[in-house]
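J.:
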Amino acid sequence: MRKVMTRPRRRPPTGRPPTSRPPTRTDSRRPTPTRQPPPRTTPSASPPAPPAAIPAQPPPHPTELFAERLVLVLSGQRPMHWVARHIANTAFDDLARLAELRPLGTDGGHRPTIHRIGHYQPHPETYEVFARIATGPRLRALAFRLHLGTDRKWRCTAVETERTP
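When the letters of the sequence shown are read in order and numbered with the numbering used here, they come out as residues 15 to 179.
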């Protein structure tokens, strides 16, 4: 029996780093900065060290990817067809029924976030996943099953959330 608890990983930003741009409008009350020439280097000086490279992170686990996708659909932030090709068998009908109810909908403007993910692997090609979803001060439960198909792609074959009153 293999049971694993994980926390969601922070992903490094993939966009360009922010740049400093000169202001578009000049203010007459502020003095404009003057540019100074770069410092002179002597031939014996060593070149500056390159900036530290960000270490490459391994790709996210399939359970993390599917949990994020299901949370976005069940909270109404993404449409149902966004995950349709990743859902198999009767799980599509279950997800459609749940998506109409929006069990992870926003409470008071709080977006749902994945608080904790864990999984159990009963078979090398199957994961049973459980997640705690925080929506503001409230925690909710999400459970789903992933199965590796013959095309070597992961598909969700069952999905459930806690019953809401």
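In this text, a Cβ means the ideal position worked out from N, Cα and C, and glycines have one as well. The structure presented is a predicted model; accordingly, all values stated were derived computationally and were not measured.
#1: With respect to the alpha helix (DSSP H) encompassing E82, which residues constitute its N-terminal and C-terminal limits?
#2: Tell me, which residues are paired with T140 by DSSP?
#3: Consult DSSP for E174 and reduce its assignment to one of helix, strand or coil.
#4: Taking the continuous alpha helix (DSSP H) assigned at L109, which residues delimit it?
#5: Per DSSP, which one or two residues make a beta bridge with L153?
#6: I need the DSSP call for R99, collapsed to helix, strand or coil.
#7: Work out the CA separation of V97 and L84 for me, nearest whole Å.
#8: Under 8 Å between the Cβ atoms of S89 and R130?
#9: Closer than 7 Å by C-beta to H124: which residues in its own chain qualify, once you throw out the five before and the five after it? Chain order, please.
#10: Among T77, F144 and Q91, which residue has its Cα nearest to the Cα of E114?
#11: Rank R49, L112 and T77 by C-alpha distance to the C-alpha of R169 and give the top, closest one.
#12: Find the nearest neighbour of G122 within the set P136, L160, R146 and R152, judged by alpha-carbon distance.
#13: Taking 8 Å as the cut-off, decide whether the C-beta atoms of E142 and L162 are in contact.
#14: Alpha carbon to alpha carbon, how far is A66 from F80? Give it in angstroms, no decimals.
T.: Straight from the coordinates:
#1: P76 to L88
#2: H137 and H161
#3: strand
#4: A105 to L115
#5: A148
#6: helix
#7: 8 Å
#8: no
#9: T149 and G150
#10: Q91
#11: T77
#12: R152
#13: no
#14: 32 Å
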